[in-house]
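There are 2 protein chains.
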Amino acid sequence: MPDNAKLAAPPEIRPAGANPVLVEVTRGATVESRHRGSAVIVDAAGTVVAHWGDHTQPVYPRSAIKPLQAIPLVESGAAEAFGLGDTEIALACASHGGEKAHTEAVKRWLATIGLGVADLECGAQWPSHEDTGRAMAKADETPSALHNNCSGKHAGFLATAVHMEEKTKGYVRFEHKVQQRILGTLEAMCGLGLGDAPRGIDGCAIPTIAFPLENIAYGMARFGAPDELAPARAAACRRIADAVAAQPFMVAGTDRYCTEVMRVTGRAALVKTGAEGVFCASLPEHRLGVALKCDDGTKRAAEVMMSAVLRHIGVLTRDMQAKLADWITIPVTNRNGERVGEIRAAAAFKG
Amino acid sequence: MPDNAKLAAPPEIRPAGANPVLVEVTRGATVESRHRGSAVIVDAAGTVVAHWGDHTQPVYPRSAIKPLQAIPLVESGAAEAFGLGDTEIALACASHGGEKAHTEAVKRWLATIGLGVADLECGAQWPSHEDTGRAMAKADETPSALHNNCSGKHAGFLATAVHMEEKTKGYVRFEHKVQQRILGTLEAMCGLGLGDAPRGIDGCAIPTIAFPLENIAYGMARFGAPDELAPARAAACRRIADAVAAQPFMVAGTDRYCTEVMRVTGRAALVKTGAEGVFCASLPEHRLGVALKCDDGTKRAAEVMMSAVLRHIGVLTRDMQAKLADWITIPVTNRNGERVGEIRAAAAFKG
Numbered sequence: 001m002p003d004n005a006k007l008a009a010p011p012e013i014r015p016a017g018a019n020p021v022l023v024e025v026t027r028g029a030t031v032e033s034r035h036r037g038s039a040v041i042v043d044a045a046g047t048v049v050a051h052w053g054d055h056t057q058p059v060y061p062r063s064a065i066k067p068l069q070a071i072p073l074v075e076s077g078a079a080e081a082f083g084l085g086d087t088e089i090a091l092a093c094a095s096h097g098g099e100k101a102h103t104e105a106v107k108r109w110l111a112t113i114g115l116g117v118a119d120l121e122c123g124a125q126w127p128s129h130e131d132t133g134r135a136m137a138k139a140d141e142t143p144s145a146l147h148n149n150c151s152g153k154h155a156g157f158l159a160t161a162v163h164m165e166e167k168t169k170g171y172v173r174f175e176h177k178v179q180q181r182i183l184g185t186l187e188a189m190c191g192l193g194l195g196d197a198p199r200g201i202d203g204c205a206i207p208t209i210a211f212p213l214e215n216i217a218y219g220m221a222r223f224g225a226p227d228e229l230a231p232a233r234a235a236a237c238r239r240i241a242d243a244v245a246a247q248p249f250m251v252a253g254t255d256r257y258c259t260e261v262m263r264v265t266g267r268a269a270l271v272k273t274g275a276e277g278v279f280c281a282s283l284p285e286h287r288l289g290v291a292l293k294c295d296d297g298t299k300r301a302a303e304v305m306m307s308a309v310l311r312h313i314g315v316l317t318r319d320m321q322a323k324l325a326d327w328i329t330i331p332v333t334n335r336n337g338e339r340v341g342e343i344r345a346a347a348a349f350k351g
Numbered sequence: 001m002p003d004n005a006k007l008a009a010p011p012e013i014r015p016a017g018a019n020p021v022l023v024e025v026t027r028g029a030t031v032e033s034r035h036r037g038s039a040v041i042v043d044a045a046g047t048v049v050a051h052w053g054d055h056t057q058p059v060y061p062r063s064a065i066k067p068l069q070a071i072p073l074v075e076s077g078a079a080e081a082f083g084l085g086d087t088e089i090a091l092a093c094a095s096h097g098g099e100k101a102h103t104e105a106v107k108r109w110l111a112t113i114g115l116g117v118a119d120l121e122c123g124a125q126w127p128s129h130e131d132t133g134r135a136m137a138k139a140d141e142t143p144s145a146l147h148n149n150c151s152g153k154h155a156g157f158l159a160t161a162v163h164m165e166e167k168t169k170g171y172v173r174f175e176h177k178v179q180q181r182i183l184g185t186l187e188a189m190c191g192l193g194l195g196d197a198p199r200g201i202d203g204c205a206i207p208t209i210a211f212p213l214e215n216i217a218y219g220m221a222r223f224g225a226p227d228e229l230a231p232a233r234a235a236a237c238r239r240i241a242d243a244v245a246a247q248p249f250m251v252a253g254t255d256r257y258c259t260e261v262m263r264v265t266g267r268a269a270l271v272k273t274g275a276e277g278v279f280c281a282s283l284p285e286h287r288l289g290v291a292l293k294c295d296d297g298t299k300r301a302a303e304v305m306m307s308a309v310l311r312h313i314g315v316l317t318r319d320m321q322a323k324l325a326d327w328i329t330i331p332v333t334n335r336n337g338e339r340v341g342e343i344r345a346a347a348a349f350k351g
């Protein structure tokens, strides 16, 4: 600054207790952007094994707990009654890219239960898979609720409602039995009451309920190591984990973190992304669950955080790390394709 | 957590000196995500008038200083020699959406200087304006360097090089006279030497140089109140400000913050976005410059921060605030179009 600059007093507002910087974005040799957040690893007995930042903060889990939200679909007997396979059950856990394989499968599934796209209450969305969106534009198509990344989850809600002989209309509302059944499942799996928990509306119109990050991880740990749960619930958890492991493409899609990581890790890790920087994992062999939240809600950081936690636990073999290199440290490129920086785990994750 | 949970020790890594939370993202009654950052207001004499967070941190200004990078285009006489109008000069300051009006104007401009799209070294990019991208897909078109949001800035670089009789090839390189001329302009406008400053490569392949946020703001203040600069430079600053005020659409596009704010504020505020959460403003009537950076690089937060700073300074009349309501507090909607939350200025900006 020039010599005549008179500096203002230092700022008063520097809240204590900030979560640590967990991800750095570099350009050249300089850190350009920083992502703070919290992450927690919990075992199936509820013990916090490790954490970064505030693991007690209430977080909206968003789509990162779709595997837990899918439990009633199997546990109720709906999946069996309708003869659903791995594809449908994986789609019930999906935030898919709206690719043809996703939307066609949801469409067929809805027909199986005697319903159609008009029964979906999630709203329409252009596919996040850009090539699919462009192919649709070229064919003069516009997106429907089938292209909503949550359409498989909603098909699962509808299948459960039909099987339970409940009115399907309004199935997204908090008071509907479909949502109340999920609420009860979350309470039991995550070990806390949620009746008075903060509640918001998710992007796909269903309720999302905020509760501590450590409880989200606890639910994911028990999902992957369900032996102490009631037999029907344990069987449902195992069926869902099997379906996701068999059909990782259905859970996300082309060039997507969840699909790529699960293709490489197989049964060792079930990983699931959620909006606003939430990510969950279930690690059955380790009997661990993971939940994390990037404070600022950014996907790129949540992905790098999840990779760092998986490495911390020792889930990723050397070979897996080589295959997933660009999901552990994400390259930053310019529009000529040159690497000009990277999105990497910060020092908080080292050692 | 269940009673048997043994909590791990609190984390060691909580870096001191975090920037304050400046933007909150809510869902229902709960804050779901938080954006930290820094912002500074500096006057044309170099005095720091107000700041939030660390205003001395070096920041890559990215595209937020395009108005300063455009100075040599006018000052060199190139703009006059080629008969450039408001459209071209505004495009030289643009991060445009790749809409037809943008790309056609850049194409015409290149023809005027005897060059074509193959001379642009910025790389190709699908338009950020989604409807334009879909219309292109429908017409079986693929993007060229004209659609790169920086194509107007690059056309300005090429025009300057042609006018100065410099070889145009390699104009994006740090050593090229085009970039060295801009470096010298930045040093003079922002009041510091940049020879040893951290350097990275921008998304469009040109150098970007990190320097303190307060110096970026100082340069923007002098740009808007250039009376103490040399006459040719002062005239260039005024010509650029006039062009941007006359053609705010050319600087960004449909439904874009910069365009919408400048349409409403007229000559009172020149605002310019940059990648990774940087934003600059020049407020000629107040003889002030603004520079801000969202720590995590998020656009939505940088926009809300800029609106909060403009309100703090008193740039936005009550009528302007009404017109810009959705850029001051950005609605969060679900895919049925229902408002389920908002992106708002945090308490740090109040009072």
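If you read the protein sequences in the order shown, they are chains R and L.
Under the working numbering, the first residue of the first sequence carries the number 1, and numbering increases by one thereafter.
Under the working numbering, the first residue of the second sequence carries the number 1, and numbering increases by one thereafter.
Don't be surprised by glycine CBs; every beta carbon is placed ideally from N, CA and C.
For clarity, every value in this text was computed on a predicted model and none was experimentally measured.
ask   = Can you give the Cα-Cα distance for Ala124/R and Val49/L, rounded to whole angstroms?
value = 47 angstroms
request  = Would you kindly check if the distance between the Cβ of Gly37/L and the Cβ of Leu288/L is under 8 angstroms?
outcome  = no
key: Proximity of Met305/L and Leu22/L at Cβ, strictly below 8 angstroms   = yes
key: Asp255/L, DSSP secondary structure in three states   = coil
request  = Taking 8 angstroms as the cut-off, decide whether the C-beta atoms of Ile206/R and Ile65/R are in contact.
outcome  = no
task = Go to Pro198/R, then tell me how far its alpha helix (DSSP H) extends in each direction, as first and last residue.
result = It is not in any alpha helix (DSSP H) - Pro198/R carries neither H nor E in the DSSP assignment.
request  = Identify, in the order they occur along the chain, each residue of the same chain with its Cβ nearer than 7 angstroms to the Cβ of Ala9/R, setting aside the five sequence neighbours on each side.
outcome  = Unreliable positioning characterises Ala9/R in this predicted model, as indicated by a pLDDT of 33, which lies under 50. The coordinate reading is nonetheless provided below. Correct list: empty, nothing qualifies.
query = Within the 8 angstroms Cβ cut-off, does Ser33/L reach chain R?
reply = yes
task = Give a yes or no on whether 8 angstroms exceeds the smallest Cβ distance from Glu276/L to chain R.
result = yes
Closest residue to Pro127/R among Lys107/R, Ala155/R and His96/R (Cα-Cα distance) = His96/R
Distance CB(Ala210/R)-CB(Pro198/R) smaller than 8 angstroms = yes
query = Helix, strand or coil for Leu110/L per DSSP?
reply = helix
key: chain R residues whose Cβ lies nearer than 8 angstroms to that of Val25/L   = Glu276 and Gly297
key: Proximity of Val379/L and Gly277/R at Cβ, strictly below 8 angstroms   = Since the first residue shown for chain L is 1 and the last is 351, residue 379/L is missing from the structure and cannot be characterised.
query = Between which two residues does the alpha helix (DSSP H) carrying Thr132/L extend?
reply = Glu130 to Lys138
key: Positions along the region 47-61 of chain L whose CB lies within less than 9 angstroms of some CB in chain R   = Thr47, Val48, Val49, Ala50, His51, Trp52, Gly53, Asp54, His55, Thr56, Pro58, Val59 and Tyr60
key: Endpoints, beta strand (DSSP E) assigned at Arg173/L   = No beta strand (DSSP E) holds Arg173/L; DSSP gives it neither H nor E.
query = For His51/R, which residues from the same chain have a beta carbon less than 6 angstroms from its beta carbon, with the 5 sequence-adjacent residues on both sides left out?
reply = Val40
ask   = For the putative contact between Arg267/R and Ala245/R, defined by C-beta atoms under 8 angstroms, what is the C-beta separation to the nearest angstrom?
value = 5 angstroms
key: Candidates Cys237/L, Thr103/L, Val162/L and Pro72/L, of which the one nearest Gly114/L by Cα   = Val162/L
request  = Identify every residue that forms a DSSP beta bridge with Glu285/L.
outcome  = BP columns for Glu285/L are empty, so no partner.
request  = Taking only the alpha-carbon atoms, compute the straight-line gap between Cys122/L and Gly337/R and give it to the nearest angstrom.
outcome  = 11 angstroms
ask   = What are the start and end residues of each continuous beta strand (DSSP E) run of 3 or more residues lying completely inside the region 203-246 of chain R, in chain order?
value = 207-209
ask   = From which residue to which residue does the beta strand (DSSP E) around Ile330/R run?
value = Ile330 to Thr333
key: Three-way DSSP call (helix, strand, coil) for Lys272/R in this model   = strand
query = For Gln321/L, which of helix, strand or coil comes out of DSSP?
reply = helix
message = Using C-beta distances below 6 angstroms, list every residue in its chain close to Ala78/R, excluding the 5 sequence neighbours before and after it, in chain order.
response = Ala159, Thr160 and His163
key: Classification of Lys272/R by the beta-carbon crowding that lies within 10 angstroms, buried from 16 upward   = buried
inquiry  = Which of the three DSSP states is assigned to Trp327/R in this structure?
reply    = helix
message = Tell me which residues of the region 248-275 of chain L have at least one Cβ-Cβ distance to chain R shorter than 8 angstroms, keeping chain order.
response = none
query = Between Ile328/L and the rest of its own chain, which residues show a CB-CB distance below 6 angstroms, the 5 nearest in sequence each way excluded?
reply = Ser307
key: N- and C-terminal bounds of the beta strand (DSSP E) containing Thr30/L   = Thr30 to Asp43
inquiry  = Which same chain residues end up closer than 7 angstroms to Leu7/L when comparing Cβ atoms and leaving out the 5 residues on each side of it in sequence?
reply    = Confidence at Leu7/L is low in this model, with a pLDDT of 30, below 50, so its placement is unreliable and the value that follows should be read with caution. There are no such residues.
Leu186/L versus Tyr218/L: straight-line alpha-carbon distance, rounded = 11 angstroms
message = Does any residue of chain R have a CB that is nearer than 8 angstroms to the CB of Arg239/L?
response = no
When Val309/L, Ala347/L, Gly83/L and Leu270/L are compared against Thr112/L, the one with the closest alpha-carbon = Gly83/L
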